[in-house]
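**Student:** Here's a structure for you.
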Amino acid sequence: MTSKNSFFKLAKEDFRHRLYLPAMSCLAFFFMYPVGVLLLISSTKVNFFFNSLSALSYDEQLNRAILENFKMMYQEAQIDSFLLILMGLVAALSGFAYLMKANRSDLYHGLPFKRETLYLVSVANGFLMTYVPAFVLSLVGGLVASVRISSMVPMTIMLTETLYNIPKFLICYASAVLVVMLTGQMMTAIVGTVAVFSYFPALATLVYLIHTVYFHTYYGDVFEKVYTPYIMISPVAVAFSIKEKPLMYIAICLVVGAAFLALALYLYKIRPLEAAGKALVFEKTKFPIKLMIVVPCAMAGALFMKTILASRLWGFFGFACAFIVVHCIMEIVYNSDFRSLFSHMGQFAICFAVGLALFLTVSFDLVGYDKYMPREDEIESVGLICYDLEGNLYNLNQKYELEHNDIYDEYYVNDTSVVDNTEIMDSMTITDKATVLDIASKGIDYTLEKAKEEQSILSEMLEDPTEDYELTTSVDLSYRLKNGRYVRRSYSMLWEDVKKSMELIHDNPEFKKGTYPLLTMDEQELSGVNYEDMLGKHHVNADAATLTQLMRTYKEEFSALTFEKRRHETPVLCLQFKSSDFQKMADIMKEQEDYYDYLNDIYYYPVYPSFTRTLEILRQNGVVDCGLITENDVDHIMLTYNRYDEETEDYSTEEYDVTDKAQIREILDAAVYPMTYLNSARPSFYGIDCEMNFTADFVQKANSGSEKAYGSSSKTDCMINLSGDAVPRFVMDQFHLTRSDVEDNVGITY
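All residue numbers for the sequence shown refer to the numbering used here, where the first residue is 2 and numbers rise by one.
This is how it looks when you write it as structure tokens:
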């Protein structure tokens with residue numbers, strides 16, 4: 002009969018035999034925390050930049066820089082957590098290393114202790130011997146940083162992070178213990194633990210790549226639908242997500258960690274003594290694990306060959322090769338015998354059948370992913386994005402946020418410029434379903450036709466080099482179904498096939514409201530208006546009532562703008578309507594004497610000649626737009642043509658200085674002025690450089706009624722382009738240009 006203190010005696014003895022574990026933990030976390038903090042402080046001092054414009058002293062700025070780097074390393078990057086998880090694996094392996102050797106396993110299980118006691122001692126000691134040194138040394142590191150910057154913030158951060166590390170460590174440590182109970186060899190235990198940590202993220206990546214390679218209309222939202230849920234099955238991913246939803250993920254870590262430890266205890270109690278030395282302890286686990294590994298690896302092989310050669314046949318070759326190799330390797334590992342490559346042909350056949358079914362499903366799109374198009378009565382509304390309808394979508398939806406720099410006690414503008422197409426599409430409510438479905442059907446037909454051509458590995462070699470160029474476009478669609486689901490697809494298609502439908506969508510008010518943030522901007526938010534002309538960017542000097550009227554008028558005329566008008570007109574001005582938040586950013590940057598010119602390069606909307614009421618308000622307030630330029634306002638225009646001689650392979654430059662007023666008028670009628678907003682519906686001719694020089698009187702007139710948006714000098718000239726459909730005849734004659742020469746140097750027109 003054992004003493005009631007047998008647990009503690011056994012724990013003490015186990016600790017004595019595993020002194021190397023706390024020693025390793027102390028050494029590892031000594032360099033992670035105290036030494037790491039000292040290195041961080043020294044590195045910050047060496048690389049610190051003192052901002053003399055800040056009101057803070059050198060020491061204050063340096064201390065704040067140290068604190069920011071401290072937060073980045075130990076709070077945001079969580080580098081210490083990776084080390085803690087690694088040490089958890091070491092603790093699990095060291096605690097049950099005796100299970101891997103038959104003689105040691107027999108010795109341990111011959112001791113007068115229940116298996117539950119042996120298990121609990123190893124688990125508890127592994128946790129304490131790893132985590133306690135980490136906890137103590139983390140507080141030492143926090144104390145070092147706190148003393149250096151005379152603040153308790155680092156100490157508080159370190160204490161909080163070490164408490165967060167308890168559930169992180171628990172779930173990863175428990176996962177490692179569970180894997181050890183399933184294996185009988187040290188190497189398979191290590192590989193198995195790494196697999197448990199990374200299997201589902203790797204599987205999610207494979208699913209994502211299969212979508213991108215095999216499904217031609219795939220939009221890119223697997224991360225939302227598949228990737229995130231798959232990743233969250235990984236213990237490591239759950240551990241590092243604690244800060245997103247602390248209460249929920251801490252509870253998950255504690256519950257799952259406790260469940261894994263309980264399951265591991267059960268497996269330990271039924272684990273046979275002769276299991277030592279086997280790759281997997283329980284025979285029933287071999288086939289499911291084999292299936293989970295072999296099939297994804299086979300699909301990865303198919304994906305690899307399909308990516309290189311774009312052929313189903315080569316994809317199957319990659320699938321078969323990867324399947325056979327991985328299956329044979331697993332049989333060798335399971336049986337520790339090279340002669341057992343095909344010892345389980347039944348399992349081989351089942352795995353192959355499952356993998357082949359999956360391969361055929363994605364290769365031939367048996368689920369109809371690329372053919373999917375909801376019925377009109379299933380759709381609530383649709384969102385659509387096409388950069389050929391609005392090439393300035395990125396610029397108009399760019400986002401900037403005002404953030405505070407704690408080091409220098411200053412504000413700065415953070416560019417969060419990634420335009421979320423999904424968010425834009427999902428917020429649209431286009432109800433013209435018939436037009437959208439017509440576009441989708443053309444996209445499906447074109448996509449499937451191109452997919453057939455890709456199946457031949459000789460497709461590129463057989464391609465006719467004289468084949469006419471086809472003008473295509475790309476369209477992203479988001480179907481909002483009546484059941485609340487969002488289904489998104491991305492299509493390519495010939496522009497000519499969908500030209501009328503696309504123009505109907507462009508002219509649709511619902512599309513415009515979803516594409517142009519200005520149309521949903523509240524008038525109460527308006528704080529000012531800038532405009533851009535051929536001489537630069539300026540303020541519109543008018544009272545609040547006039548600016549509000551300008552905004553209201555512009556919205557009405559811009560909402561009525563058709564694609565056909567864009568095709569035949571060129572903007573004569575651009576307007577930037579500034580919100581109060583936007584103006585606040587600009588004012589703070591000005592006050593700090595910081596660089597803010599880039600704020601004058603975004604959110605500009607075009608003013609076309611047909612916007613007569615908008616132009617009238619602007620002209621009444623001293624704005625001189627490009628439409629008011631006459632031949633008398635231009636001193637001369639220098640045309641430069643760089644000619645390339647294909648025979649001699651030489652370049653030559655020809656110039657022509659235009660001073661004749663009639664010719665200047667022709668150029669003005671065809672001019673495309675340099676503006677932030679580009680009108681892709683009426684492309685420019687880029688074969689000739691045109692430098693327009695204005696008269697001094699015109700420059701003075703153009704700048705007299707406005708204030709520069711930022712401190713740039715007044716310009717006396719500007720570079721212009723000529724519309725591709727309106728190059729003056731005398732220009733073509735002067736440089737001996739043919740219509741073909743012009744068409745070759747014109748941007749794509751839609």
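A virtual CB, placed ideally from N, CA and C, is assigned to each residue, including glycine.
1) Who are R666's beta bridge partners in DSSP?
2) Rounded to the nearest angstrom, how far is the Cβ of S199 from that of S235, given a contact under 8 Å?
3) What are the complete alpha helix (DSSP H) segments, minimum 4 residues, inside the segment 157–223?
4) Under a three-way DSSP split, which group does N396 fall into?
5) Which residues in the same chain as S713 place their Cβ atom closer than 7 Å to its Cβ, once the five residues preceding and following it in sequence are excluded?
6) Just mark N398 as buried or exposed, buried being the case when its beta carbon has 16 or more other beta carbons within 10 Å.
7) Evaluate the contact criterion for the segment 550–557 versus the segment 580–589: three or more CB pairs, one atom per stretch, below 8 Å.
8) Taking DSSP as the reference, what is the three-state secondary structure of R116?
9) Check the DSSP bridge columns for E692 and list the partner residues they point to.
10) Under a Cβ-count criterion, where at least 16 other Cβ atoms within 10 Å of its own Cβ denotes burial, should D371 be classed as buried or exposed?
11) The alpha helix (DSSP H) spanning K513 covers which residue range?
12) For E402, which residues does DSSP report across the bridge?
13) Leaving aside the five residues before and after M462 along the sequence, list all residues of the same chain whose C-beta is less than 6 Å from its C-beta, in chain order.
14) Can you tell which of F128, A301, I42 and P289 has the C-alpha that lies nearest to the C-alpha of G319?
15) Just reading off the beta strand (DSSP E) that H540 is part of, what are its end residues?
16) When DSSP builds the beta bridges, which residues end up paired with E377?
17) From the DSSP output, read off the bridge partner residues of R644.
18) Of the choices H507, K453 and N406, whose alpha-carbon is the least far from that of D433?
19) For N694, which option in P684, I668 and V732 has the closest C-alpha, if you only look at C-alpha atoms?
20) When the Cα of V1 is compared with those of V181, D60, N64 and V208, which residue comes out closest?
21) When we look at the beta-carbon of V133 and count the other beta-carbons within 10 Å, is it buried (16 or more) or exposed?
22) Where F49 and Y21 are concerned, what is the direct C-alpha to C-alpha distance, given to the nearest angstrom?
23) Mind checking P155: buried by the 16 CB within 10 Å criterion, or exposed?
24) Do you know offhand how far V747's Cα is from G688's?
25) Please report the distance separating the alpha-carbon of V237 from that of M374.
26) Any contact of the segment 393–410 with the segment 345–354, i.e. 3+ C-beta pairs under 8 Å?
27) Per DSSP, which residues does F686 bridge with? Please list them.
28) Does DSSP put A78 in a helix, in a strand, or in coil?
29) Based on the DSSP secondary-structure assignment, which residues constitute the bridge partners of D534?
30) CB T436 to CB S479, shorter than 8 Å?
31) Give me the Cα-Cα distance between S43 and R490, rounded to the nearest whole angstrom.
32) Of the residues T563, L63 and A703, which one's Cα is nearest the Cα of I630?
33) Can you tell me whether R740 is buried or exposed? The criterion is at least 16 other CB atoms within 10 Å of its CB, across all chains shown.
34) Between E632 and the rest of its own chain, which residues show a CB-CB distance below 6 Å, the 5 nearest in sequence each way excluded?
35) What is the DSSP secondary structure of A561, reduced to helix, strand or coil?
36) Following the continuous alpha helix (DSSP H) through D582, name the residue where it begins and the one where it ends.
**Tutor:** This is what the structure holds:
1) The partner list for R666 (beta bridge, DSSP) is empty, contrary to what the question assumes.
2) Right, the Cβ-Cβ distance comes to about 7 Å (below 8 Å), so this counts as a contact.
3) Qualifying alpha helix (DSSP H) stretches, in chain order: 187–215.
4) Helix.
5) With a pLDDT of 48 at S713, under the threshold of 50, the modelled position of this residue cannot be trusted; read the value that follows with caution. Counting only Cβ-Cβ distances below 7 Å, and skipping sequence neighbours, we find G537.
6) Buried.
7) No, they do not touch.
8) If DSSP states are grouped into helix, strand and coil, R116 belongs with the helices.
9) DSSP lists M639 and M720 as partners of E692.
10) By the Cβ neighbour-count rule, D371 is buried, with 16 or more other Cβ atoms within 10 Å of its own.
11) Per DSSP, K513 belongs to the alpha helix (DSSP H) from P510 to T516.
12) The partner list for E402 (beta bridge, DSSP) reads N415.
13) The pLDDT assigned to M462 is 45, lower than 50, so where the model puts this residue is not dependable; a value taken from the coordinates is nonetheless given after this. Counting only Cβ-Cβ distances below 6 Å, and skipping sequence neighbours, we find nothing.
14) Looking from the CA of G319, the closest CA among F128, A301, I42 and P289 belongs to A301.
15) The continuous beta strand (DSSP E) containing H540 extends over residues G537 to H540.
16) Partner(s): none; E377 has no beta bridge.
17) According to DSSP, R644 bridges with S653.
18) The option with the nearest alpha carbon to D433 is H507.
19) Taking only the C-alpha atoms, the option nearest N694 is I668.
20) Residue 1 falls outside the range modelled here, since the chain spans only 2 to 751, and no answer is possible.
21) When all chains shown are included, V133 counts as exposed.
22) Rounded to the nearest whole angstrom, the CA to CA distance from F49 to Y21 is 40 Å.
23) Sixteen is the threshold: when 16 or more other Cβ atoms of the shown chains lie within 10 Å of the Cβ of P155, as they do, the residue is buried.
24) Taking the straight line from one Cα to the other gives about 8 Å.
25) So the alpha carbons of these two residues sit roughly 38 Å apart.
26) Touching, no, given that fewer than three Cβ pairs across the two stretches are closer than 8 Å.
27) L723 and V747, per the DSSP bridge assignment.
28) Coil at A78, not helix or strand.
29) Its beta-bridge partners are G537.
30) Between T436 and S479, the C-beta spacing is not below 8 Å.
31) Our two residues, S43 and R490, have alpha carbons roughly 52 Å apart in a direct line.
32) Residue A703 holds the alpha-carbon nearest to the alpha-carbon of I630 among T563, L63 and A703.
33) So R740 counts as exposed.
34) Closer than 6 Å at the Cβ level, and outside the excluded window around E632, lie K662, I665 and R666.
35) In the structure shown, A561 sits in coil (DSSP, three-state: anything other than H, G, I, E or B).
36) Segment S581 to E592, the alpha helix (DSSP H) holding D582.
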